[in-house]
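Chemist: One structure coming up, written as structure tokens, with questions to follow.
Numbering (this note's numbering), first residue to last: 5 to 216.
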């Protein structure tokens, strides 16, 4: 059994749906679906809008938690602007899903992320900083998405991402991605090197699309 398939199987057994509720935002009123990952104690959510179980591909984003970018408005990354852009696009489409996974710092956690930022302040890039701390460049896994998709009745994703590894992970999980939708947002002088490193060392695909 491959690592991806094993991860998906473990996640399917490990993930428990908790409850759903309304979540009014400045873009739209979403439904928020809460899930509990028993093995780690982490709590994950999916925001949906409209009927996502009608058999048509769903405009989606799989977003890993970034406290500094999502909540504290950091300009060191593009995470916060990508999150807002995704929610805005879903609202404009009137239908979609945003998977919010608790995988801070590409899986190394908040405190280690602060340590990595300190190393970046001293000259390391985002990949080198993780490696100097003894971590792989990206420790995230996406096995949680498969049971979430199944619970919500989603058959295919129109996935907003620049990350080919995320697309490959969905293929390994047998989650159908009907379209890869670029999401370029939040480029600024503070994150130019970060974005360049993601392209050069992590293979992220950045088109010539203007910032949104």
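Quick reminder that beta carbons are idealized off the backbone N, C-alpha and C, glycines included.
To which residues of the same chain is residue 92 closer than 8 Å at the C-beta, ignoring the five residues directly before and after it?
Modeler: For this step, residue 92 is matched to residue 88 along the chain shown. Same-chain partners within the cutoff: 31.
Chemist: Relative to the C-alpha of residue 137, which candidate in 146, 122, 147 and 151 has its C-alpha closest?
Modeler: Here residue 137 refers to the residue found at position 133 when the chain shown is read from its first residue. The shortest C-alpha separation from residue 137 is found at 122.
Chemist: Of the residues 70, 162, 166 and 194, which one's Cα is nearest the Cα of residue 180?
Modeler: The residue you call residue 180 lines up with position 176 of the chain shown. Nearest of 70, 162, 166 and 194 to residue 180, Cα basis: 162.
Chemist: Beta-carbon within less than 7 Å of residue 71's beta-carbon, same chain only, minus the 5 sequence neighbours each way: which residues are those?
Modeler: Working through the chain shown from its first residue, we reach residue 71 at position 67. Excluding positions up to five away in sequence, the list reads 108 and 114.
Chemist: DSSP state of residue 144, grouped into three classes?
Modeler: Working through the chain shown from its first residue, we reach residue 144 at position 140. Three-state DSSP puts residue 144 in coil, outside helix and strand.
Chemist: Counting only the same chain and skipping the five closest in sequence on each side, list residues whose C-beta sits under 7 Å from that of residue 10.
Modeler: Against the chain shown, residue 10 aligns to sequence position 6. Bear in mind that the predicted position of residue 10 carries a pLDDT of just 46, short of 50, making it too unreliable to give a figure here.
Chemist: Considering only C-alpha positions, which residue in the set 112, 96 and 75 is nearest to residue 63?
Modeler: Taking the chain shown and counting its residues from 1, the one referred to as residue 63 is at position 59. Considering only alpha carbons, the answer is 96.
Chemist: If I measure Cβ to Cβ from residue 156 and keep anything under 8 Å in the same chain, skipping five residues before and after, which residues do I get?
Modeler: As a working note, residue 156 is residue 152 in the chain shown. Only 37, 50, 52, 56, 57 and 101 meet the Cβ criterion.
Chemist: Which same chain residues end up closer than 6 Å to residue 185 when comparing Cβ atoms and leaving out the 5 residues on each side of it in sequence?
Modeler: For the purposes of this step, residue 185 is taken as residue 181 along the chain shown, with counting starting at 1. The residues are 162 and 164.
Chemist: Ends of the beta strand (DSSP E) at residue 53?
Modeler: Sequence index remark: in the chain shown, residue 53 carries index 49 (1-based). Residue 53 -> beta strand (DSSP E) spans 46 to 53.
Chemist: Looking at the structure shown, is residue 155 part of a helix, part of a strand, or coil, going by DSSP?
Modeler: Here residue 155 refers to the residue found at position 151 of the chain shown. Here residue 155 sits in helix by DSSP.
Chemist: Who does residue 28 pair with in a DSSP beta bridge?
Modeler: As a first step, residue 28 must be located in the chain shown, where it is residue number 24. Answer is 33, bridged to residue 28.
Chemist: Note down, one range per segment and in chain order, each alpha helix (DSSP H) of at least 4 residues found wholly within the segment 88 to 135.
Modeler: For secondary structure counted as the alpha helix (DSSP H) over 4 or more consecutive residues, the segment 88 to 135 holds these complete runs in sequence order: 114 to 125.
Chemist: Is it the case that the Cβ atoms of residue 68 and residue 110 are separated by a distance below 8 Å?
Modeler: By 1-based counting over the chain shown, the position of residue 68 is 64. By 1-based counting over the chain shown, the position of residue 110 is 106. Yes, they are a contact pair.
Chemist: Which residue's Cα is closest to the Cα of residue 17: 193, 152, 158 and 170?
Modeler: Residue 17 sits at position 13 when you count from the first residue of the chain shown. Nearest option by C-alpha distance: 152.
Chemist: Determine the direct distance from the alpha carbon of residue 170 to that of residue 5, and round the result to whole angstroms.
Modeler: Indexing the chain shown from 1 puts residue 5 at position 1. Indexing the chain shown from 1 puts residue 170 at position 166. For residue 5, the predicted structure reports a pLDDT of 37, less than 50, and the residue's modelled location is therefore unreliable. A value from the coordinates is still provided. Near 20 Å, if we compare the C-alpha coordinates of residue 170 and residue 5.
Chemist: Taking only the alpha-carbon atoms, compute the straight-line gap between residue 87 and residue 124 and give it to the nearest angstrom.
Modeler: Indexing the chain shown from 1 puts residue 87 at position 83. Indexing the chain shown from 1 puts residue 124 at position 120. Between residue 87 and residue 124, the C-alpha separation is close to 23 Å.
Chemist: Give the straight-line distance between the Cα atoms of residue 75 and residue 159, rounded to the nearest whole angstrom.
Modeler: Here residue 75 is taken as the residue at index 71 of the chain shown, counted from 1. Here residue 159 is taken as the residue at index 155 of the chain shown, counted from 1. If you take the alpha carbons of residue 75 and residue 159, they lie about 31 Å apart.
Chemist: Between which residues of its own chain and residue 23 is the CB-CB distance below 6 Å, once the five residues before and five after are set aside?
Modeler: Walking along the chain shown from the start, residue 23 turns up at place 19. Here the set comprises 38.
Chemist: Are the CB atoms of residue 129 and residue 197 nearer to each other than 8 Å?
Modeler: As a position in the chain shown, residue 129 is number 125, starting the count at 1. As a position in the chain shown, residue 197 is number 193, starting the count at 1. It is a contact, given that the beta carbons lie within the stated cut-off.
Chemist: So for residue 172, helix, strand or coil by DSSP?
Modeler: Taking the chain shown and counting its residues from 1, the one referred to as residue 172 is at position 168. Here residue 172 sits in helix by DSSP.
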